[in-house]
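Residue numbers (full-length UniProt numbering): 1 to 310.
Ideal Cβ placement from N, Cα and C applies to all residues, glycine included.
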Amino acid sequence: MDLCVVASNIKVKEKRERQPNWTEAEKQLLLSLTRIHQVILENKGSDTMTIKKKSEAWDDIATNMRAAGYQRSKDRLKQQLGRIRAAEAKKVKEALAKSYVQESKHLALPGCSSEPMAQDATINVQNFHVMPPPIQEVAIKIEKAISLDDFETSSSDKQINKNGKEYFGLADPISASMSINHGVIKRIYEDPQFINVTSSPMVETGTGESKDQMQNMSTRNNGKCKCNCRSKRLRHIRLRINGHSPRTRSQRIRQLHLYRVAVERERLKMLRMQQKRDHIFYRKDKQIQNLKLQILHNLALNRINHINFS
């Protein structure tokens with residue numbers, strides 16, 4: 001008895017009937033119907049009204065499909081539309097890749113193989129030579145006055161090396177036989193200074209860089225003092241006062257000292273101007289803050305008076 005009940009309760013699963021294939025005419029009809037409701041179907045909104053409009057649009061499309069003799073449900077129509085669009089996107093992508101490969105073959109460099117570029121559809125970076133950025137040395141020239149506003153820069157080393165006696169560098173050895181005041185030497189080497197480079201010419205290499213090796217410096221002033229300094233990249237300066245360049249070492253050191261004084265004066269001037277601006281801003285901010293406090297105080301008084309009168 002129990003076996004009969006169990007057998008009667010078992011539902012025989014029917015085999016799913018295979019849907020007929022989509023013909024090209026049916027696909028074109030579906031695309032033409034979806035173009036009518038394209039704005040609604042492509043809306044990305046998720047609100048209730050948008051969902052309702054989309055459902056009505058698909059109902060209209062399904063009705064028109066049935067009227068044309070194609071029995072398709074809304075789910076099948078949505079699924080087929082997605083497949084059609086995916087196939088079209090794939091065709092466009094393949095066409096772009098094919099055209100890119102053809103252009104890469106046509107524009108291939110002589111001596112470079114274009115097969116890996118055609119297979120991977122990428123550019124082989126090893127076939128191209130990237131030049132390094134040019135090395136430029138900054139040259140500063142002072143004309144007629146030691147001031148920050150009188151600097152002129154030069155773009156090539158050829159202009160710098162025309163007259164070696166008129167150029168100065170950041171770090172360069174001074175001859176041991178030179179007798180200079182010890183205080184001047186101390187001031188020069190305490191901070192990054194400009195020292196004469198006429199005693200040692202620059203060494204030019206194939207890469208365009210200049211290398212200078214520092215030597216021991218000795219001066220005589222009640223004793224001997226030696227200083228070993230590391231090599232630094234030269235930054236040339238050309239000094240001209242009243243149209244004439246200084247001739248002696250003492251004049252050059254004096255002009256360099258005046259240059260430093262002018263730089264410090266400009267920095268002090270800018271600092272004072274900044275302090276003045278900051279003081280003005282602070283005073284204005286303080287006035288604005290006091291005005292805000294006064295307004296809040298008046299509002300509080302008005303509120304209290306309104307409560308008292310009411």
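Within this structure, are the beta carbons of residue i and residue j separated by less than 8 Å?
i: A62; j: L77; result: yes
i: I84; j: L31; result: yes
i: Q79; j: W22; result: no
i: L96; j: A68; result: no
i: Y70; j: E24; result: no
Tell me which residue opens and which closes the alpha helix (DSSP H) that residue i is part of.
i: D60; result: T48 to A67
i: R72; result: Note, R72: premise wrong, no alpha helix (DSSP H); not H, not E.
i: T23; result: It is not in any alpha helix (DSSP H) - T23 carries neither H nor E in the DSSP assignment.
Run the CB neighbour count on residue i, radius 10 Å, all protein chains shown included, and call it buried at 16 or more, exposed below.
i: A57; result: buried
i: I253; result: buried
i: Y259; result: buried
i: Q255; result: buried
i: M273; result: exposed
i: M65; result: buried
For residue i, I'd like the list of residues in its chain whose CB is within less than 6 Å of its CB, leaving aside the five on either flank, ordered along the chain.
i: H37; result: A57
i: Q102; result: none
i: R72; result: M65
i: T50; result: N43
i: residue 311; result: The requested residue 311 is not part of the displayed model; the chain covers only 1 to 310.
Leaving out five residues before and five after residue i in sequence, what residues of the same chain have Cβ atoms less than 8 Å from its Cβ?
i: K54; result: I40, L41 and N43
i: K90; result: none
i: L291; result: none
i: D59; result: K74
i: I280; result: none
Within its chain, find whatever has a CB closer than 7 Å to the CB of residue i; leave out the 5 residues flanking it on each side and keep chain order.
i: L293; result: none
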